[in-house]
Amino acid sequence: DAGVTQSPTHLIKTRGQHVTLRCSPISGHKSVSWYQQVLGQGPQFIFQYYEKEERGRGNFPDRFSARQFPNYSSELNVNALLLGDSALYLCASSLGGALYYGYTFGSGTRLTVV
Amino acid sequence: RKEVEQDPGPFNVPEGATVAFNCTYSNSASQSFFWYRQDCRKEPKLLMSVYSSGNEDGRFTAQLNRASQYISLLIRDSKLSDSATYLCVVNSGNQFYFGTGTSLTVIP
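Residue numbers (the working numbering), protein chains in the order written: chain A, 1 to 114; chain B, 115 to 222.
In structure tokens:
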């Protein structure tokens, strides 16, 4: 079975540009979360979606937005990119009981802003 | 105060050694706890959940101390393949908070 898939794997953007990152959860998983991981730090929570509704939002500016589609895939959008947005962006999915079973992560999109 | 705090290490131990990591959390209402393992430039992978009664999976033992608000991970008989960063994860409401990770290198 396919795990959590993310695209693209690597991306280089210029300051001020916009980026869209994509995630397909494990088949049957209805919950998708996005995390940002800066080098040397643990992942920081950005968004959680369940059944296409936003269920949680971390401490990130409004430049960050996301949505979940009827097939449970998800997009993370970041506008007006800053150098500090350079990070590994991780998507994680769960069956719905993440509280008990934890999340499965995709391999991430490594974003570099120059 | 951070939701989750971990000693970043690094821990450098010889093969066969026993090593323990601790992690403290700030929200006493937290309900679920996990240890994840992350290899260099890879995604975190779930190592084990942490239950109130403590739990063991082979060479790995996880424990939870709610009174002191910390969780621990014990690795016995360390293998070279155990070299990685170990992240503790604690939920608070609908969010999962990760520690900064503890780096372990097992030396031949």
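We put the beta carbon where it would ideally sit given N, CA and C, even for glycine.
**Message:** Would residue 172/B pass as an interface residue toward chain A - the criterion being a Cβ-Cβ separation below 9 Å?
**Reply:** Not flagged as an interface residue toward chain A: residue 172/B, since no C-beta distance is shorter than 9 Å.
**Prompt:** Taking Cβ-Cβ distances shorter than 9 Å, what residues in chain B pair up with residue 124/A?
**Reply:** This structure cannot settle anything about residue 124/A, because the visible part of chain A is limited to 1 through 114.
**Message:** For residue 186/B and residue 137/B, I'd like the C-alpha separation in whole angstroms.
**Reply:** Going by the C-alpha atoms only, they are around 6 Å apart.
**Asked** Is residue 219/B close to chain A, meaning its C-beta is less than 9 Å from at least one C-beta of that chain?
**Response** Not closer than 9 Å to any Cβ of chain A, the Cβ of residue 219/B fails to qualify, so no.
**Message:** Within 9 Å of any Cβ in chain B, is that where the Cβ of residue 58/A sits?
**Reply:** Residue 58/A counts as touching chain B.
**Asked** Should residue 115/B be labelled buried (16 or more other beta-carbon atoms within 10 Å of its own) or exposed?
**Response** Result: exposed.
**Message:** If we define contact as Cβ-Cβ less than 9 Å, is residue 44/A a contact residue for chain B?
**Reply:** Answer yes: the Cβ-Cβ gap between residue 44/A and chain B drops below 9 Å somewhere.
**Message:** Would you say residue 33/A lies against chain B (beta-carbon separation less than 9 Å)?
**Reply:** At least one C-beta of chain B is nearer than 9 Å to the C-beta of residue 33/A.
**Contacts around residue 57/A, its chain only, beta-carbon distance under 6 Å, and the 5 residues preceding and following it disregarded** = When the five nearest sequence neighbours on each side are left out, the beta carbons in the same chain lying within less than 6 Å of the beta carbon of residue 57/A are those of 47, in order along the chain.
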